[in-house]
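Just so you know, the protein sequences line up as chains A and B, in that order.
Position in the first sequence (first residue = 1) + 283 = this note's numbering.
Position in the second sequence (first residue = 1) + 58 = this note's numbering.
What follows is a set of notes on a single structure, which appears directly below.
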Amino acid sequence: MAAITLKGLKKSYGQAHVIKGVDIDIEDGEFVVFVGPSGCGKSTLLRMIAGLEDISDGTLTIGGKVMNDLPPKDRGVAMVFQSYAIFPHMTVRENVAFGLTISGASKEEKETKVAEAARILQMEHLMDRRPSQLSGGQRQRVAIGRAIVRKPQVFLFDEPLSNLDAALRMDMRMEIGKLHKALGATMVYVTHDQVEAMTLADKIVVLKDGLVQQIGSPMELYHHPANAFVAGFLGSPGMNFLEVDVKEVNGDRATVSNAALDPVTLTARHPGIKAGGKARLGLRPQYLSPDADAGAGVLHGKIALTERLGSETIVEAVTTDGKPLIVALARDAVFEIGTPISLRFDPETAHLFAL
Amino acid sequence: MATISADSRGLRLAVRYTVLGIIAIIFVFPLVFMLVSSLKPDAQLLADTASLRAFLPVGDISFDNYTAAFKRAPVGLFIMNSVIVTGITVVLSLLVCSMAAFAFVFVNWKGRELVLTIILATLIVPFETIAIPLLLISSKLPWIGLDGLKWGWLNSYHVQIVPFMADGLTIYLFVQYFKDLPGELIEAARVEGATWGQIYRRIVMPLAGPVLATAAILKFLAMYNQYLWPLMVVQEEGYRPVMVGLQYFFQLNRAWGEIMAYLSLITIPVLAFYLYLQKAFIASIASTGVKG
């Protein structure tokens, strides 16, 4: 069993507190993605699990065993780095077999396991090449091969796809997903790319400034974000935020409006919404539509720019009070720039956050 | 346009080769003069220095100076002593200094910055200032050799080797090189279960080709050219290195031809070593040119 628990984990460099107390439970076999903007501490947290960074405070357990002071090699983890970190002076075969070689595995065992890893990653034909003769995607395969060959209980991925081009990134993303299903191991994956987070994760941990903002399944986070930061971070294009006046609050129902928004009543799921005050209305671009039957919420503005992607049209509108608004339509549509437009939404898809 | 750019490229090449050629001539002429002069009798050698004939093997050419040089001094013994002392020191220095640098760069321990600073500070201390204290210390140190325990290191190989096994410059070279190695390679090896010793041996040293070549060349030259220290600590002919051996040719009747012959003989190992490592140096740079 390789469940991981982080309890009150902290990391400081002198006076700089990078991780400020993080509690996360990762179940055995789960695929957990740490996501957040640059500098949020996600990589540091991963490196603390790997044993590459000291833990300033708190407890880390893997498989029920406290790991705080154990060196990386005694934690039963394998790690894939952003820069691949494959050894340039070794062939692919030697790279993949590295962990087995230094643990003193027999020649037969090495050959069998390396061959199996090569088969899983479809890189049999690359085994005698040197890293300098490989493309970025192939190098990443080698790095993953080196990780899986020892059959560790826990895999750690530190932004493994960010050096790859877009097409390759999608392929490798799918392969990592398949690999997780095939191996059934616990995987912790760090990325700043919310698409990777949404597609790969069983559970997403959103981090900001060294603190956990929300933990949950991708859809839970997407549909029920705990705060405006999580709401804005997940989803592409990002959520639109509009400052609105709160006219009335009645239980968990609130009526809001502003210069561009007709009064609309919606569910106020988050605390701190007061009648007569201001609030922040979050609207996902996908839930805005120019269609007359799209919902009871109505926003007024005009078209500023359109991007036609074939299957989808991204419209940038400007509200009548001058705020930008992104609309994502799931069809090809033609709009003339400068024409007034009324955008509608279902109030139940909107999020109201306290300012 | 194409012809103009081709012309200017050709011109640039011509200028470059001319400049390089001049530099090469400046560097090669003393060597040529030495080799050519070593083949001439003294009278002709001195007469030729007034003309370009000084650089040409013309006139009364023979290997007599070499025979005479071997008669005047145990040249073979001196060269062997120098090769032993220099060779062992270079190997030990590469080992000790690379290990020290490894500990400074990759291993996290308290006070490493301070210790490294102190070591680097020794770079500004000239050897002459510590020569006397070093002599006093080494004259009283114990040594367990094949013939049992002995006090005092004078008149031995180890007195010429041990004090030079570690030095600030070589450590600094390794530290700088190791700092430029991608840290993730070391971290990957640690996660894979490698011990520090395994990381040093299997990851860091195989990637250290260029700095090994550089450090070896510098150390070799410094050791091979040692004069003051062996003069102080070696009185017996049996342990004397080549540079001290040069004294034999400046006593009594000075024969320039023999001096040139001796210099030619002791320069050959240096040139051979340098050329050998220069190749390794270029090869190692080419093989580590891996994009991250």
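Beta carbons are placed, not taken as given, at the ideal position from N, Cα and C, and that holds for glycine.
Checklist entry - Quick one: is B/R305 near chain A, going by C-beta distance under 8 Å? => result It should be noted that the sequence gives Gln, not Arg, for residue 305 of chain B. False, the Cβ-Cβ gap to chain A never drops below 8 Å.
Next on the checklist: Looking at the secondary structure, which residues open and close the beta strand (DSSP E) in which B/Y215 lies?
Outcome noted: First-last for B/Y215: undefined, no H or E at that position.
Next on the checklist: Can you list, in chain order, the residues of its chain with a C-beta nearer than 8 Å to that of B/R248? Leave out the 5 residues immediately preceding and following it.
Outcome noted: The beta carbon of B/R248 sits closer than 8 Å to the beta carbons of I257 from its chain, once the five residues preceding and following it are set aside; these are given in chain order.
Item to check | Coarse secondary structure for A/E313, derived from DSSP in three states | outcome: coil
Item to check | Length at least 4, wholly inside the region 302-370 of chain A: the alpha helix (DSSP H) runs in chain order | outcome: 325-333
Checklist entry - Hey, how far is the Cα of A/A285 from the Cα of A/V437? => result If I take the Cα positions, the gap works out to 7 Å.
Next on the checklist: Just to check my reading of the structure: B/A127 and B/A319 have Cβ atoms closer than 8 Å, yes? What is that Cβ distance to the nearest angstrom?
Outcome noted: 4 Å
Checklist entry - What is the DSSP secondary structure of A/A286, reduced to helix, strand or coil? => result Coil, per DSSP.
Next on the checklist: Which residues in chain A have a C-beta closer than 7 Å to the C-beta of B/Q256? List them in chain order.
Outcome noted: I385
Next on the checklist: Assuming B/L227 is part of the alpha helix (DSSP H), what are its boundary residues?
Outcome noted: Its alpha helix (DSSP H) spans residues G226 to D238.
Checklist entry - Using a C-beta cutoff of 8 Å, does A/H661 count as contacting chain B? => result As shown, chain A starts at 284 and ends at 638. That puts residue 661 of chain A outside it, with no answer to give.
Item to check | Interface residues of chain A facing B/I261 [CB-CB closer than 7 Å] | outcome: Residues of chain A with a Cβ closer than 7 Å to the Cβ of B/I261 are, in chain order, F370.
Checklist entry - According to a CB-to-CB cut-off of less than 9 Å, which residues of the region 335-348 of chain A neighbour chain B? => result L335 and D337
Checklist entry - With a cut-off of 8 Å, do at least 3 Cβ pairs link the region 266-277 of chain B to the region 145-161 of chain B? => result yes
Item to check | For B/P288, the first and last residue of its enclosing beta strand (DSSP E) | outcome: No beta strand (DSSP E) contains B/P288, which is instead part of the alpha helix (DSSP H) from L286 to V291.
Next on the checklist: Cβ closer than 9 Å: which chain A residues qualify as neighbours of B/P268?
Outcome noted: The contacting residues do not exist; B/P268 stays about 13 Å from chain A at best.
Checklist entry - Could you give the distance in angstroms between the alpha-carbon of B/L220 and the alpha-carbon of B/A266? => result Note that residue 220 of chain B is Val in the sequence shown here, rather than Leu. When the Cα atoms are used, B/V220 and B/A266 turn out to be separated by approximately 24 Å.
Next on the checklist: Less than 8 Å between the beta carbons of A/Q365 and A/P443, yes or no?
Outcome noted: yes
Next on the checklist: Cutting at 7 Å between CB atoms, please list the residues of its own chain near A/K557, excluding the five before and the five after it.
Outcome noted: Annotation for A/K557: V529 and V532 place their beta carbon closer than 7 Å to its own, counting only its chain and skipping 5 residues before and after.
Item to check | Exposed unless 16 or more other CB atoms sit within 10 angstroms - verdict on A/K254 | outcome: What is shown of chain A runs 284 to 638, which leaves residue 254 of chain A out entirely.
Item to check | Whether A/L383 touches A/K393 by CB criterion (8 Å) | outcome: yes
Checklist entry - Hey, is B/E171's beta-carbon within less than 8 Å of any beta-carbon in chain A? => result no
Item to check | Under 7 Å by beta carbon: chain A residues contacting B/G251 | outcome: K356, G382, I385 and S386
Checklist entry - Which chain A residues sit within Cβ distance under 7 Å of B/P221? => result Those within 7 Å of B/P221 in chain A number zero; the least Cβ separation is about 34 Å.
Checklist entry - By the criterion of Cβ-Cβ separation under 9 Å, what are the contact partners of B/A72 in chain A? => result Under the 9 Å cutoff, chain A gives no residues; its nearest Cβ is about 34 Å from B/A72.
Checklist entry - For the alpha helix (DSSP H) that A/R376 lies in, which residues bound it at each end? => result V375 to I385
Item to check | Test item: CB-CB of A/H553 and A/L494 under 8 Å | outcome: no
Checklist entry - So which residues on chain A does B/L193 lean against when the C-beta distance must stay under 7 Å? => result Listed by position along chain A, the residues whose Cβ is nearer than 7 Å to that of B/L193 form an empty set, because the closest Cβ is around 43 Å away.
Item to check | Beta-bridge partners of A/V539, as assigned by DSSP | outcome: Paired residue(s): A/V529 and A/V547.
Checklist entry - What's the C-alpha gap between A/M350 and A/L343? => result 6 Å
Item to check | Amino acids of chain B, ordered along the chain, whose beta-carbon sits closer than 8 Å to that of A/V360 | outcome: V249
Item to check | According to DSSP, residues forming a beta bridge with B/W201 | outcome: B/K208
Item to check | Closer than 8 Å to chain A by CB, B/E367 | outcome: No answer is possible for residue 367 of chain B: it lies beyond the span of chain B, which begins at 59 and ends at 350.
Next on the checklist: Run through the DSSP bridge pairs and tell me what A/Y296 is partnered with.
Outcome noted: In DSSP, A/Y296 forms a bridge with A/A299.
Item to check | Cβ-Cβ separation, A/A577 to A/R627 (assumed contact under 8 Å), whole Å | outcome: 4 Å
Item to check | B/V133 burial status per 10 Å Cβ neighbour count (16 or more: buried) | outcome: buried
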